[in-house]
Structure formats: C-alpha cells, structure tokens
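2 protein chains.
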Amino acid sequence: MPAKMPDPPRPTDGELEILTVLWERGPSTVRDVHEAVARRKATQYTTVLKLLQIMAEKRLVRRDERQRAHVYEADRPREWTQRQLAGDLLQRAFGGSAKSLILGALSARKASAKELAEIRGLLEEYAKGGR
Amino acid sequence: MPAKMPDPPRPTDGELEILTVLWERGPSTVRDVHEAVARRKATQYTTVLKLLQIMAEKRLVRRDERQRAHVYEADRPREWTQRQLAGDLLQRAFGGSAKSLILGALSARKASAKELAEIRGLLEEYAKGGR
DNA sequence: ACGTTACTACGAAGCTATTCGTTTGTCAAG
DNA sequence: CTTGACAAACGAATAGCTTCGTAGTAACGT
Chain L
1 MPAKMPDPPR PTDGELEILT VLWERGPSTV RDVHEAVARR KATQYTTVLK
51 LLQIMAEKRL VRRDERQRAH VYEADRPREW TQRQLAGDLL QRAFGGSAKS
101 LILGALSARK ASAKELAEIR GLLEEYAKGG R
Chain S
1001 MPAKMPDPPR PTDGELEILT VLWERGPSTV RDVHEAVARR KATQYTTVLK
1051 LLQIMAEKRL VRRDERQRAH VYEADRPREW TQRQLAGDLL QRAFGGSAKS
1101 LILGALSARK ASAKELAEIR GLLEEYAKGG R
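These protein sequences, in sequence, are chains L and S. Those letters in the first sequence? Residues 1 to 131, per our numbering, in order. Those letters in the second sequence? Residues 1001 to 1131, per our numbering, in order.
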C-alpha cells in the first residue's frame, strides 16, 4: 500500500505553464516540454529542466528515469488541479461566493452565446444532481 | 489632468488579505488593518505597515499622509480587482474557458440551492443583456 | 576508438515576498 | 523640558522563484 502523500502545493505561474503542456501532451521529455514552452516564450532548455526537477521534488510531476531522457508526467489530472485553483481563488478573493467568482469571470471575458448556453446546461445538471 | 497610471500588478496572497480588509472597512490606518489581520493570523504591526508601504509603491493602495497616522485605501474597487483575478486565472489555468472555471468553482465548494438559483438568475441577465 | 551530440546535475546570481527588530520622529502630558 | 506613547521609516535576514552557465556523463556515428 503506497504511502499517502499530502496534496502538492499550488503551482507557481511558471509551473502552471509547464503543467498545461503536460496535460495536453501527456508524458513528455524535457525536450518536448521545452519545445512547446519556447514557442510561446523565449526560454532556455535548462530553465525548463530545472523547473521540472523542482516540480518533481514538490510532487507536482512524476518522473520516469528508465530512459536516458527522463519522462515527466503531471501527478494530478488537469481537473483536480483546476478545482484546487478555483477553490483557492474562491476563498482568497471572493469570500467563498461562487456567484461573485462567476460574475468576475464573465465580466473579464465576454462569453459567446454558445458558451453561455453550455454554462446554463451545466447549472441544470448541478441543480438536479447536486440535490 | 492626472497622468494615466498602468494597472497595478496582481496582488500577492498577503496583499490580497490586506485589500480584503480595506474593501470591508474603507479607508483605514495601519492600526486598524493590523487589528483586523491579527484576528485571523498572528502578525506584527510592522509587518502590516511594511506591506502597506510596498503596496503603496505598487499602486495597489493610496495613502493619505495628512494625519500623523497615515490613512490607506484600496486604489481599485473590489469588483475591479476580482475581475482581474478571475480573468487571470481563466487564462492561466483554464485556457480561457469560462465553463471550465465555473465547473471548477462549483466542484470545489458545493453551492447551496439558494446560491445556485442566484447564479442561474445571473446567467439570465447575461444571456439577455450581454447580447 | 574518438569526437560530437544529447542529456542530466549542480550551483549561483538576481529578484521578489515575507517577516520583524530597531531607529527615528512627533506629540502631548506632567 | 523631560518623558512616555505612538507612529513611520529603515534595514536586514530568510525563503522562494526564475533564469541560466557550466560541468559531467552516456550514447552514437564514423
């Protein structure tokens, strides 16, 4: 039975960028991650490497060292981390009011009619299933 | 005509706690802020003072020095900052998908039936007025 | 076998955030 | 005028984040 690990800490901005790559690509080498990151932002290879090493220490990613080029993978699925981040901001900046957070999100970036419809569908689900 | 200031930077965790106090209390002295903060978390007076001074440099707060005990006030209204923070997280962690952010927020902290109803009302408004 | 390439590991520098002790200044009460 | 209370300012220590150069090492082609 594996030891129960505490939740990993909230990722920093740089770490989150890397996690995004890993979520999209799945298990990846440093080179893979670096290529994806460098497309958005001038960055040295070793910078990405170092970040991934730190993230492994923090348990944000897992590392497979069986190949010479180590393979990194996000330790938590995207949805889990997104839930943490949303919940964290909800508490820190919105006093726990989901309504305020949603209002903030919508006013920050106008959603399309299509997206609004999807969101309303989502709430239907919640009102029903959530009891 | 006042010079146009660039937007203030994203507040850190500690800064956000102080902003929360200022939003609730309105213009306050360091002593006021310290008392409010210390209720939640053991903190020295000078720590709060220093943070407020840094926040003034960053333009997160304005300072009125006319009294011996300077009076600090949030530079931006709560809603403005909340919109920034929500938009920032939306981009950084949710790829701009408001739907995902809302899903994250709701799964992080179950909303009450009453709150869900309010949120649905909010979406009504948006679907209608937003056009 | 040997040089070149592709990795990881290490360490350090620069910056920001956080915390708090100490100093300095102001004001008012005695 | 001296003292005590209260305030801002300053400086320093620590920790975390970010970046990258350099060194070491394994594998690969010829």
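Where is the CB? At the ideal position from N, CA and C, for every residue including glycine.
Give me the residue from S:Q1067, S:I1018 and S:V1071 with the minimum Cα distance to A1038 of chain S. The residue with the shortest Cα to Cα distance from A1038 of chain S is S:I1018.
Does any residue of chain S have a CB that is nearer than 9 Å to the CB of T43 of chain L? Cβ-Cβ to chain S under 9 Å: no for T43 of chain L.
Measuring only the C-alpha atoms, how far is L90 of chain L from A113 of chain L? A straight-line Cα-Cα distance of about 25 Å links L90 of chain L and A113 of chain L.
Establish whether the CB of Y1072 of chain S and some CB of chain L are separated by less than 9 Å. no
Can you tell which of L:F94, L:A117, L:A74 and L:R109 has its C-alpha closest to the C-alpha of D1088 of chain S? L:R109
Which residues in the same chain have their Cβ closer than 8 Å to the Cβ of G1096 of chain S, if we skip the five residues on either side of it in sequence? L1090
As assigned by DSSP and simplified to three states, the class of S107 of chain L: Looking at S107 of chain L - three-state DSSP - the assignment turns out to be helix.
Using a Cβ-Cβ distance under 9 Å, would K99 of chain L count as near chain S? Yes, K99 of chain L counts as interfacial toward chain S.
Label P1009 of chain S either buried or exposed according to how many other C-beta atoms from any shown protein chain fall within 10 Å of its C-beta, with 16 as the threshold for buried. exposed
If we define contact as Cβ-Cβ less than 9 Å, is S1107 of chain S a contact residue for chain L? yes
In chain S, which residues lie less than 7 Å from E118 of chain L when you measure between Cβ atoms? K1099
Take G1014 of chain S as the anchor and find which of S:I1054, S:A1003 and S:D1007 has the nearest alpha-carbon. S:I1054
Extent of the continuous alpha helix (DSSP H) run through E124 of chain L: A113 to G129
Which residue wins for smallest C-alpha separation from W23 of chain L, given the options L:R78, L:R120 and L:A93? L:R78
What residue from S:D1007, S:R1076, S:P1011 and S:T1047 has the CA that sits closest to P1027 of chain S's CA? S:R1076
State the DSSP-derived secondary structure class of A1098 of chain S, mapped to helix, strand or coil. helix
In whole angstroms, give me the CA-to-CA distance for A1069 of chain S and R1063 of chain S. 10 Å
Can you tell me the Cα-Cα spacing of A93 of chain L and Q1082 of chain S, whole angstroms? If you take the alpha carbons of A93 of chain L and Q1082 of chain S, they lie about 7 Å apart.
Would you mind sorting T1020 of chain S into buried or exposed? The rule is 16 or more other CB atoms within 10 Å of its CB. Counting every other CB atom within 10 Å of its CB across the protein chains shown gives T1020 of chain S a total of 16 or more, marking it as buried.
From which residue to which residue does the beta strand (DSSP E) around A69 of chain L run? A69 of chain L -> no beta strand (DSSP E), and no H or E assigned at all.
May I ask you to report which of helix, strand or coil DSSP gives T43 of chain L? In the structure shown, T43 of chain L sits in coil (DSSP, three-state: anything other than H, G, I, E or B).
Residue(s) in a DSSP beta bridge with D64 of chain L: L:V71
Output the boundary residues of the alpha helix (DSSP H) element that contains D1013 of chain S. D1013 to R1025
Does any residue of chain S bring its CB to less than 9 Å from the CB of P83 of chain L? The sequence as given places Arg at residue 83 of chain L; Pro does not occur at that position. For R83 of chain L, a Cβ of chain S is located within less than 9 Å of the residue's own Cβ.
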